[in-house]
Amino acid sequence: MKNPLVSIVICCHNRAHLLPQTMKSVFAQKYEPVEIVVLDDGSTDDTPKLMSGYGERVCYHWQENQGIAQTRTNGCKLAKGEYIAFQDDDDLMPPERIAVLYEALKQHPSAVLAIGDWAAIDEDGNPTGHRWLPERSTKLQDPILFHDGYKAILWPEVPAAPHTTLFRKSDGEKIGWFDTRFVKASEDKDFFARLGQLGPVVYIPKVV
Numbered sequence: 170m171k172n173p174l175v176s177i178v179i180c181c182h183n184r185a186h187l188l189p190q191t192m193k194s195v196f197a198q199k200y201e202p203v204e205i206v207v208l209d210d211g212s213t214d215d216t217p218k219l220m221s222g223y224g225e226r227v228c229y230h231w232q233e234n235q236g237i238a239q240t241r242t243n244g245c246k247l248a249k250g251e252y253i254a255f256q257d258d259d260d261l262m263p264p265e266r267i268a269v270l271y272e273a274l275k276q277h278p279s280a281v282l283a284i285g286d287w288a289a290i291d292e293d294g295n296p297t298g299h300r301w302l303p304e305r306s307t308k309l310q311d312p313i314l315f316h317d318g319y320k321a322i323l324w325p326e327v328p329a330a331p332h333t334t335l336f337r338k339s340d341g342e343k344i345g346w347f348d349t350r351f352v353k354a355s356e357d358k359d360f361f362a363r364l365g366q367l368g369p370v371v372y373i374p375k376v377v
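The numbers in the sequence shown follow the working numbering, run straight up by one, and end at 377.
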C-alpha cells in the first residue's frame, strides 16, 4: 500500500543564514511521498532568493508579516498532505524523522499526535548534549501511548514542540488551527494541548 502524503510545513522569517542547513535535512527525509511548504512571514533578507533556487522542489509562499500563529495556520491550509509535520527555520530533522513518527501512528491508530524527542544544537548545527528526556525513556525504546493526551502535553510528560510532531490535517481542522492571539510565542503549546483533547498521543523516545 502506498504511503499517504506528508506535508512538511516550514515557517520562516529573516533566517536565510540558517535555512540552507534546515532545507538540507528536510530533503534528506527517507519517508515518501512528501511535499515541502515554506511559508515566509514577511522576510526582508535573502530568503526569497534562496527559495527560488529550489525550484519546484518547494512550494514557497511569501506574505506580509502576520505573526507565528497565523503563519502556521496559513501554511497548514496550503498543505495538501493527509499528515502535517512542522519544521522551524532554525531546526534540523534526522533522515528518519517522518518515517519514525508515521510508523508510531500506524502502530497506535487511536493516537491523534505522534511526538518524538529533541536534542539541542548550536548555530552551526552541532549537538550541545542537552536533550528532552523523560525518566521512563531511559528504560523503554518502544512508543508509549498516553491515553489522556491533554494531560500529557500540559503536564508535560511529552516534548510537544512543532519540530517533534506529526498529526493528521483533518484533526487540525477540527480544532480550528492556531489561536492568533498568540502573536509571538506559546501558540504551539496551546495548539497541541487542544489537539490532545481529541484523543491519545504517542511518544517515541527517539530524537527526531
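Glycine residues also receive a C-beta, built at the ideal position from the N, C-alpha and C atoms.
*Is Gln235 helix, strand or coil by DSSP?*
As a position in the sequence shown, residue 235 is number 66, starting the count at 1. Reduced to three states, the DSSP call for Gln235 is coil.
*Check whether the Cβ atoms of Leu274 and Val371 sit closer than 8 Å, and answer yes or no.*
One-based indexing of the sequence shown puts residue 274 at position 105. One-based indexing of the sequence shown puts residue 371 at position 202. The answer is yes: Cβ separation under 8 Å.
*In whole angstroms, what separates the C-alpha of Lys249 from that of Ser176?*
In the sequence shown, residue 249 corresponds to position 80, counting from 1. In the sequence shown, residue 176 corresponds to position 7, counting from 1. Their backbone Cα atoms lie some 7 Å apart in a straight line.
_Cβ neighbour criterion (16 or more within 10 Å) applied to Arg300_ = Counting from 1 along the sequence shown, the entry for residue 300 is found at position 131. Exposed.
*Pull up the CB-CB distance for Leu335 and Ala254, whole angstroms please, since I reckon it's below 8 Å.*
Here the question's residue 335 lines up with position 166 in the sequence shown. Here the question's residue 254 lines up with position 85 in the sequence shown. Going by Cβ atoms, the distance from Leu335 to Ala254 rounds to 5 Å, so yes, they are a contact pair.
*Provide the residue span of the beta strand (DSSP E) that contains Asp257, from first to last.*
One-based indexing of the sequence shown puts residue 257 at position 88. Per DSSP, Asp257 belongs to the beta strand (DSSP E) from 252-257.
*Closest residue to His277 among Pro263, Ala330, Leu314 (Cα-Cα distance)*: Translated into the one-based positions of the sequence shown, residue 277 becomes position 108. The option with the nearest alpha carbon to His277 is Leu314.
*Quick one: give me the first and last residue of the beta strand (DSSP E) that Thr297 is part of.*
As a working mapping, residue 297 is identified with position 128 in the sequence shown. DSSP places Thr297 in the uninterrupted beta strand (DSSP E) bounded by 296-300.
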